[in-house]
Every structure is written in C-alpha cells, then in structure tokens.
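Asks: Residue 310 in the numbering used here sits at position 122 of the sequence shown, with consecutive numbering throughout. Cβ coordinates follow ideal geometry from the N, Cα and C atoms, glycine included. Quick one: structure below, then a few questions.
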Amino acid sequence: MPVLDSRIWVHQFVEACKIQRRQDPYFLQCEALCSPLQELFPALSPEELHYHLLTYGLFEPAEWKGIQRTVQKMENNNIWELVDQEYKRLKKKWRGPEAAVIIFPIRRSRSVKKRIRKNGAAFKTAIFLFLSPGLQEEEIKSLLAHEYNHLCRLAYLGKEETDLCLKDVLILEGLGEFAVKELYGKKWLAPWTRLYTFEEASAIWKSIFIPSLTIEGKEHYHEFLYGSTGGPLPKWIGYSIGFQIVDSFYLSHGPFENEELYKKTADELIAGSNFRY
189 MPVLDSRIWV HQFVEACKIQ RRQDPYFLQC EALCSPLQEL FPALSPEELH
239 YHLLTYGLFE PAEWKGIQRT VQKMENNNIW ELVDQEYKRL KKKWRGPEAA
289 VIIFPIRRSR SVKKRIRKNG AAFKTAIFLF LSPGLQEEEI KSLLAHEYNH
339 LCRLAYLGKE ETDLCLKDVL ILEGLGEFAV KELYGKKWLA PWTRLYTFEE
389 ASAIWKSIFI PSLTIEGKEH YHEFLYGSTG GPLPKWIGYS IGFQIVDSFY
439 LSHGPFENEE LYKKTADELI AGSNFRY
C-alpha cells in the first residue's frame with residue numbers, strides 16, 4: 189500500500205517513552221519513526237532524516253503523552269484511507285511514479301496566530317504529510333496533490349529539488365499549486381496565491397528575479413521564495429510568481445491533458461506566460 193501505516197510507528201514511539209523514562213524522547217522518536225524508513229532514504233541516516241522531518245513540521249518529541257489521542261482523531265476522520273484513495277487517483281491521472289506516502293501529526297504551536305494546520309514535503313521516493321485532525325477533506329487532498337505533483341515533476345526532470353536552480357524551483361511550486369486549482373477549485377488555493385497583483389509581482393520579477401534565475405542551492409534562493417525581512421523581497425513572493433507564471437501560461441495555451449503540463453520546460457512555461465522576457 190503506497191500509504192504506509194505510520195500509526196504503528198507512533199504507537200511504538202509512545203510505548204518506548206513509557207518504558208524508557210530516562211531516555212530522551214528525541215532519540216526515541218528518531219528510532220521509532222525514522223529507522224523504518226531507511227530503505228527509502230539510503231543516502232540519509234535516521235538522524236539526518238529526523239532533523240529534516242522536524243523542520244517540515246513533525247510533532248515534537250515532547251508531545252508524546254497526547255499524540256495517540258491526536259492519531260485517534262485522525263483515524264476517526266479516515267485520513268489514511270482518504271489519502272490512499274486520492275493518491276491512487278492522482279497517480280493514474282498524471283501517470284506518475286510510485287511513491288510512499290507517510291502521514292504524521294503536525295507539531296502543535298503555543299501561539300494560535302502562528303498555528304500551522306498542515307504541511308508537506310516531497311522527496312524522490314516519498315511524500316510526507318503533516319496533518320492536524322480537524323482538516324476538511326479538500327485541504328488534505330490539496331496538500332497531497334501539491335506534493336505529489338512535485339514528485340512527478342522531479343521524476344520527469346530526473347533531479348532532486350536540491351539540484352534545481354531558482355527558475356526551476358519557481359515553476360515547481362507554480363505547477364504544484366496550479367494542480368490544486370485545476371483539481372479542486374480556487375477555494376482551496378494557498379493564501380499566498382492572492383498576495384500580489386500581476387503588476388506588483390511583475391515589477392519585482394523584472395528588477396530582481398530575472399537576473400538571478402540561474403542561481404542554485406536552497407541557501408541562495410531561499411529568500412527569493414519566502415521573502416526577506418527588511419529586504420526588497422516581500423513574503424512568499426517567489427511562490428506567488430511561480431503560480432502566476434503557470435496560471436497565465438495555462439490561460440493562454442490550455443487546456444492540457446493529464447501530465448502534459450508538468451512535462452513542459454521552465455523556459456517554455458515562462459516564455460508563454462505573462463512573465464516572458
């Protein structure tokens with residue numbers, strides 16, 4: 189089954205915490221949740237994978253006392269079954285590669301304003317979904333579609349996300365969110381798709397993005413995606429531009445069949461969009 193039963197690993201983690209009271213839950217979580225995934229990530233140690241997952245939104249080890257109640261609520265909403273069905277539908281529609289899908293509860297935030305209800309991460313062999321129990325079905329499907337579209341695109345390019353330049357990353361994110369619009373409607377688009385008008389995004393694109401499209405490495409293009417505090421790049425600007433590129437290309441040249449759109453080059457998509465240069 190593409191959707192792995194991660195509930196077992198969470199249960200094992202909780203039981204280990206109960207028995208090994210003197211052991212730090214951080215290491216117990218790494219052992220229970222990441223060691224079973226070594227075959228999927230042969231280039232990463234469990235410790236490295238654990239670090240990445242915590243960065244993306246995995247629940248904190250200190251949350252172990254209440255995490256089984258969270259999993260039970262997620263089970264009551266049939267989240268694992270829902271994701272499995274939608275994954276199979278997307279895989280058939282996009283003729284995509286096989287991938288493991290791993291679901292974990294998302295970490296809790298002490299601040300209501302900063303609370304994140306869902307997040308995802310796509311790797312070459314797997315997708316991680318970090319979810320809270322109260323999500324609507326379309327929210328879960330949208331997140332899965334966004335991440336699986338990433339995986340399909342990366343598989344087609346034959347690259348890992350870390351190997352991409354800024355231009356390719358913008359298109360990767362744009363394609364992922366455009367898939368959400370196409371499949372489920374505008375209602376379920378991420379808020380960052382509505383942050384900037386074309387005029388606002390285009391001005392920043394021309395002055396800052398175009399000269400930097402070939403830079404490589406997350407450490408170099410991070411600010412282009414997420415923005416910079418006190419700098420010239422506003423928050424989520426790269427995501428917004430990526431979506432607007434793909435959306436405007438589709439409006440001018442679509443519709444497309446199934447996987448046809450994510451198999452177009454970044455240069456072709458940009459040249460056929462409102463952001464051509």
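(1) Give me the Cα-Cα distance between Lys369 and Lys312, rounded to the nearest whole angstrom.
(2) Helix, strand or coil: which one does DSSP assign to Leu317?
(3) Quick check on this structure: which residue in Thr381, Asn307, Lys452, Ala343 has the alpha carbon closest to the alpha carbon of Gly284?
(4) Rounded to a whole number of angstroms, what is the C-alpha to C-alpha distance between Ala454 and Ile359?
(5) Can you list, in chain order, the residues of its chain with a C-beta nearer than 6 Å to that of Gln167? Leave out the 5 residues immediately preceding and following it.
(6) Would you mind sorting Glu448 into buried or exposed? The rule is 16 or more other CB atoms within 10 Å of its CB.
(7) For Glu326 and Val271, I'd like the C-alpha separation in whole angstroms.
(8) Roughly how many whole angstroms lie between the Cα atoms of Glu269 and Gly418?
(9) If Lys306 and Ser297 are in contact, beta carbons under 8 Å, what's the gap, nearest whole angstrom?
(10) I'd like the span of the alpha helix (DSSP H) that includes Val368, first residue to last.
(11) For the beta strand (DSSP E) that contains Lys306, what are its first and last residues?
(12) Is it true that the CB of Val289 sits closer than 8 Å to the CB of Leu363?
(13) So is Lys230 buried or exposed if we call it buried at 16+ other beta carbons inside 10 Å?
(14) From Glu219, Leu401, Arg210, Gln208, pick the residue whose C-alpha is nearest to that of Val198; which is it?
(15) Just checking my contact of Thr385 with Glu365 at CB under 8 Å: how many whole Å lie between their CB atoms?
Replies: Reading from the atomic positions:
(1) As a working mapping, residue 369 is identified with position 181 in the sequence shown. As a working mapping, residue 312 is identified with position 124 in the sequence shown. Looking at the two C-alpha atoms, the distance is approximately 24 Å.
(2) Looking up residue 317 in the sequence shown gives position 129. Leu317: strand per DSSP, three-state reduction.
(3) Taking the sequence shown and counting its residues from 1, the one referred to as residue 284 is at position 96. Among Thr381, Asn307, Lys452, Ala343, the Cα nearest to that of Gly284 is on Ala343.
(4) As a working note, residue 454 is residue 266 in the sequence shown. As a working note, residue 359 is residue 171 in the sequence shown. The C-alpha of Ala454 lies about 6 Å from the C-alpha of Ile359.
(5) The requested residue 167 is not part of the displayed model; the chain covers only 189 to 465.
(6) Reading the sequence shown from its first residue, position 260 is the one you call residue 448. Answer is exposed; the Cβ neighbour count stays below 16.
(7) What you label residue 326 is simply residue 138 of the sequence shown in a count that begins at 1. What you label residue 271 is simply residue 83 of the sequence shown in a count that begins at 1. Approximately 11 Å, taken between the alpha carbons.
(8) Reading the sequence shown from its first residue, position 81 is the one you call residue 269. Reading the sequence shown from its first residue, position 230 is the one you call residue 418. Roughly 44 Å separates the two Cα atoms.
(9) Indexing the sequence shown from 1 puts residue 306 at position 118. Indexing the sequence shown from 1 puts residue 297 at position 109. Rounded, the Cβ-Cβ distance is 13 Å, inconsistent with contact.
(10) Stepping through the sequence shown from its first residue, residue 368 is reached at position 180. Here the alpha helix (DSSP H) through Val368 covers 354-372.
(11) Position 118 of the sequence shown holds residue 306. Unbroken beta strand (DSSP E) run through Lys306: 306-310.
(12) Taking the sequence shown and counting its residues from 1, the one referred to as residue 363 is at position 175. Taking the sequence shown and counting its residues from 1, the one referred to as residue 289 is at position 101. No, Cβ-Cβ distance for Leu363 and Val289 is not below 8 Å.
(13) Translated into positions along the sequence shown, residue 230 becomes position 42. One detail in the question is off: residue 230 reads as Pro in this sequence, not Lys. By the 10 Å Cβ count, Pro230 comes out exposed.
(14) Numbered from its first residue, the sequence shown carries residue 198 at position 10. When C-alpha distances from Val198 are compared across Glu219, Leu401, Arg210, Gln208, the shortest belongs to Glu219.
(15) In the sequence shown, residue 385 corresponds to position 197, counting from 1. In the sequence shown, residue 365 corresponds to position 177, counting from 1. With 8 Å as the limit, Thr385 and Glu365 do not qualify as a contact, their Cβ atoms being about 17 Å apart.
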